[in-house]
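One line per chain: the protein sequences are A and B, in this order. FYI, this note's numbering numbers position 110 of the first sequence as 445, with every residue one higher than the one before it. FYI, this note's numbering numbers position 37 of the second sequence as 55, with every residue one higher than the one before it. Note that CB positions come from ideal geometry on N, CA and C, so glycine has one too. It should be emphasised that the depicted structure is a prediction, and the values quoted were computed from it without experimental measurement.
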Amino acid sequence: GAGVSQSPSNKVTEKGKDVELRCDPISGHTALYWYRQSLGQGLEFLIYFQGNSAPDKSGLPSDRFSAERTGGSVSTLTIQRTQQEDSAVYLCASSLGGHLYGNTIYFGEGSWLTVV
Amino acid sequence: AQRVTQPEKLLSVFKGAPVELKCNYSYSGSPELFWYVQYSRQRLQLLLRHISRESIKGFTADLNKGETSFHLKKPFAQEEDSAMYYCALSGGAGNMLTFGGGTRLMVKP
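Okay, structure coming up:
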């Protein structure tokens with residue numbers, strides 16, 4: 336597709352269950368980002384992948400959160416033992432060659448996660 | 019560490035009035051600053067970046083390094099400007115994009 340694609344668009348899960356969120360970046364984009372958008376909290380950085388470099392995981396809120404990027408393309412964000420405070424919109428974004436001057440970050444529509 | 023602060027969660031103005039969305043940042047180096055916008059039921063998208071020094075949809079933003087600010091301005095607000103606006107900062111190549119908490123702009127008729 337032409338843009339960043341995320342799935343599922345909506346997910347309702349029970350507390351304690353694991354969830355996987357998928358991101359398909361724009362073809363050719365080497366940089367991929369995950370952000371979390373909580374009500375009233377703005378955008379929170381989670382993790383950043385750039386090419387073959389080690390990912391920047393400094394934003395992951397706990398060890399229940401992990402992400403991988405296979406083959407330099409699709410990424411999966413996994414949340415284990417979900418808690419109600421994990422409820423948020425999880426946004427994926429990609430850019431060409433990392434966040435250099437002149438590169439634009441393109442966002443997906445997000446995955447709305449509700450933990451009940 | 020890099021930090022972006024948007025002091026106003028909500029800004030409400032009447033159509034035709036000037037609007038200024040405030041953004042202050044903290045970064046020790048030379049940052050690249052951006053404004054992103056999210057209209058209702060649409061994805062987050064880039065509005066403008068400071069290095070372009072351009073006006074998009076009538077909006078402008080000037081980087082003031084002395085005051086560490088990057089306020090977004092428009093002289094005459096329109097109803098279609100109603101949206102969520104995020105200020106963002108990047109420290110440069112390979113650096114993550116840090117967002118402020120966002121300001122919801124409501125333009126009333």
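- Beyond the five residues adjoining it in sequence on each side, B/Ala35 comes within less than 6 Å, by CB distance, of Ala95 in the same chain, given in chain order.
- The shortest C-alpha to C-alpha distance from B/Gly118 to any of B/Ile69, B/Ser70 and B/Leu51 is the one to B/Leu51.
- With respect to the 8 Å criterion, A/Gly443 and A/Ser340 are classified as neighbours on the basis of their beta carbons.
- Within its own chain, the residues whose Cβ lies closer than 7 Å to the Cβ of B/Tyr45, once the five positions on either side in sequence are excluded, are Gln20, Leu107 and Gly109, listed in chain order.
- One alpha carbon belongs to A/Thr348, the other to A/Val354, and they sit about 8 Å apart.
- Non-local C-beta neighbours of A/Ser373 in its own chain, meaning closer than 6 Å and more than five positions away in sequence, comprise Ala423, ordered along the chain.
- For B/Gly119, the chain A residues whose C-beta falls within less than 9 Å of its own C-beta are Gly375, Gln376, Gly377 and Leu378, listed in chain order.
- The C-beta separation of B/Thr121 from B/Leu65 comes to about 12 Å, leaving the pair out of contact by the 8 Å criterion.
- By the beta-carbon neighbour count (other beta carbons within 10 angstroms, threshold 16), B/Leu28 is exposed.
- Short of 7 Å from the beta carbon of A/Tyr425, and not among the five residues preceding or following it, lie these beta carbons of its own chain, in chain order: Leu356, Trp369, Arg371, Leu412, Gly445, Ser446 and Leu448.
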